[in-house]
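Colleague: Below you will find the structure I want to go over with you.
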Amino acid sequence: MPLLFDLLYLLALLLLLPWLAWRSATTGRYRRGLAAKLLGHVQIHNPEAKPVIWFHGVSVGEIHLLGVVVAAFRKRHPNWFVAVSSTTDTGLDEARKRFADCAVVPFPFDFSWACDNALSAIRPDLVVLAESELWPNFLAVAARRKVPVAVINARMSPRSFSRLKRFAGAARTLLFRHVAAFGVQSAEYAERLKLLGVSAEKLAVTGSVKYDGATGERDTPKARELKRLLALNHEALVWVAGSTHAPEESIVLQIFARLRLKFPHLHLILVPRHPDRFAEVVALVAKSGLPFVRRSELEQPASQTPAVVVLDTLGELGAAWAIADVGFTGGSLDGHRGGQSMIEPAGFGVPTLFGPHVWNFRDAARNLLDSGGAILVKDASELEVRLVELLNDPERRKQMGTAARELVRAQQGATERTLDVLDRVLSLRRSGR
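In terms of the numbering used here, the sequence shown is numbered consecutively and its last residue is 1619.
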């Protein structure tokens, strides 16, 4: 079976080669670490031959999630060596910042030889995948080497479930049987995994680790520095539109232009989800005619607070939420992405709005709506109406923010439950089961 997948991957690679070459030339993506990904030639330095745990997060969001888990694991198991991998360039950059004293490597492409070489180099006692990165060859090679694999913060969206249930037998054979344990965000996700053939013994409902990462501390050095650079005063109102996708930036800019006429002290921090769209979004803002700055070019405090800030840096979204008066989380208006996390702004006590398409965070969205800490809008028109209401009502903003923060605090504790799952897997490995 690995050989079959190798052949299919090679065929797909050949077919996509012209497009990949064009994307690489125009965006700079797919170049870095290419040999390591294709061949699995990675290196780690573990001179004391400590037991190794390998954490993997696909991109920046999963790396942020792993920050809490890795720190807690190292506290519980101080004598372990930690390796961290990511698939994307931005994820690797963020991992190198967050885990400077760990081994950080590219995750191999799912060719059997690349997976085999990477596992030979890292020699993990346990592999931990964040959320949903399951590849058949990697799992098969790990199983052959008797390396247990656990999935943490696991979810199973309705869309993924609908696709997988058509091939439940194949998914069970190629993927799920090679996973030793799933730490699942909710009972609903666990039930879907059961319906796909995952045995109940492998499932534990741990809750979402993202709640534990939502610290709620607004007065941080990063937040103070961002506020200083933007020259924000006590009269300023800040709207953060975070993790946006096309066409949400255009929608947000049109709404903001009208809101500025009613609220002259309102400022917009626009944070595109994907770094390779930074230039595109900057061009959109320039075309709008609104005065703006790029965060990456702001080295000294602005002479006056800009109307729009394009946050084209990595690792500062949390600082933006920390200074926000009202928020919007992207990927939720167009029906294709399933929403981005509304947990982080909730943790900061930001009254947050999002569109109707939030299946990736259905539980979090439902909990926040039930608590009164967030507002769901059906479209761009309602987004504008609800923003006007909130901007006119500071007391309601305060009440919503308090409700959101309390909801996040009530949901915390998933990290420790997740570590308990990992410890059970390690215990089974030691016992030879």
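We put the CB at the ideal spot given by N, CA and C, even for glycine.
Is it buried or exposed for Q1486, if we count other Cβ within 10 angstroms and need 16 for buried?
Modeller: Result: exposed.
Colleague: Kindly indicate the opening and closing residues of the beta strand (DSSP E) around R1309.
Modeller: R1309 -> no beta strand (DSSP E), and no H or E assigned at all.
Colleague: Taking 6 Å as the limit between beta carbons, can you name the residues of its chain near G1219, skipping five residues before and five after?
Modeller: Cβ within range, chain order: P1292.
Colleague: Using 8 Å as the threshold, is the segment 1409-1425 in touch with the segment 1449-1458, meaning 3 or more CB pairs across them?
Modeller: Verdict: yes, contact present.
Colleague: Kindly indicate which residue of G1521, A1472, K1564 and F1442 has the alpha-carbon position closest to the one of V1512.
Modeller: Looking at the Cα atoms, F1442 is the closest of the given residues.
Colleague: Helix, strand or coil, according to DSSP, for G1513 in the structure here?
Modeller: Strand.
Colleague: First and last residue of the alpha helix (DSSP H) that includes S1489?
Modeller: Here S1489 belongs to no alpha helix (DSSP H), and DSSP marks it neither H nor E.
Colleague: Looking at C-alpha atoms only, which residue of T1406, R1463, H1460 and D1398 is the closest neighbour of L1594?
Modeller: Rather than Leu, the amino acid found at residue 1594 in this sequence is Val. Looking at the Cα atoms, D1398 is the closest of the given residues.
Colleague: Are the Cβ atoms of S1245 and T1276 separated by less than 8 Å?
Modeller: Yes, Cβ-Cβ distance for S1245 and T1276 is below 8 Å.
Colleague: By how many angstroms is the C-alpha of I1338 removed from the C-alpha of A1366?
Modeller: If I take the Cα positions, the gap works out to 11 Å.
Colleague: Helix, strand or coil: which one does DSSP assign to L1416?
Modeller: L1416 falls in the coil class under three-state DSSP.
Colleague: Please say whether G1541 and A1589 have beta carbons closer to each other than 8 Å?
Modeller: Their beta carbons are not under 8 Å apart, which means A1589 does not touch G1541 by this criterion.
Colleague: Determine, using beta carbons only, whether L1497 and V1438 come nearer to each other than 8 Å.
Modeller: No, they are not a contact pair.
Colleague: So who's on the other strand from W1266, going by DSSP bridges?
Modeller: None, per the DSSP bridge assignment.
Colleague: Would you decide whether L1200 is buried or exposed? Buried here means 16 or more other CB atoms lie within 10 Å of its CB.
Modeller: Exposed, since its Cβ has fewer than 16 Cβ neighbours within 10 Å.
Colleague: Measuring alpha carbon to alpha carbon, tell me which of G1516, A1508, F1534 and K1473 ends up nearest H1460.
Modeller: Among G1516, A1508, F1534 and K1473, the Cα nearest to that of H1460 belongs to G1516.
Colleague: Of all the options V1544, S1272, V1335 and E1502, which has the alpha carbon lying nearest to the alpha carbon of E1411?
Modeller: For the residues V1544, S1272, V1335 and E1502, the minimum Cα distance to E1411 belongs to E1502.
Colleague: Which partner residues does S1649 have in the DSSP bridge list?
Modeller: Nothing about residue 1649 can be read from this structure; the chain reaches only from 1187 to 1619.
Colleague: Taking just the CA atoms, how far does L1476 sit from D1296?
Modeller: Roughly 45 Å separates the two Cα atoms.
Colleague: Cβ of L1251 within 8 Å of Cβ of A1316?
Modeller: Cβ atoms of L1251 and A1316: closer than 8 Å.
Colleague: For L1614, count the other beta carbons within 10 Å of its own beta carbon; 16 or more makes it buried, fewer makes it exposed. Which is it?
Modeller: So L1614 ends up on the exposed side.
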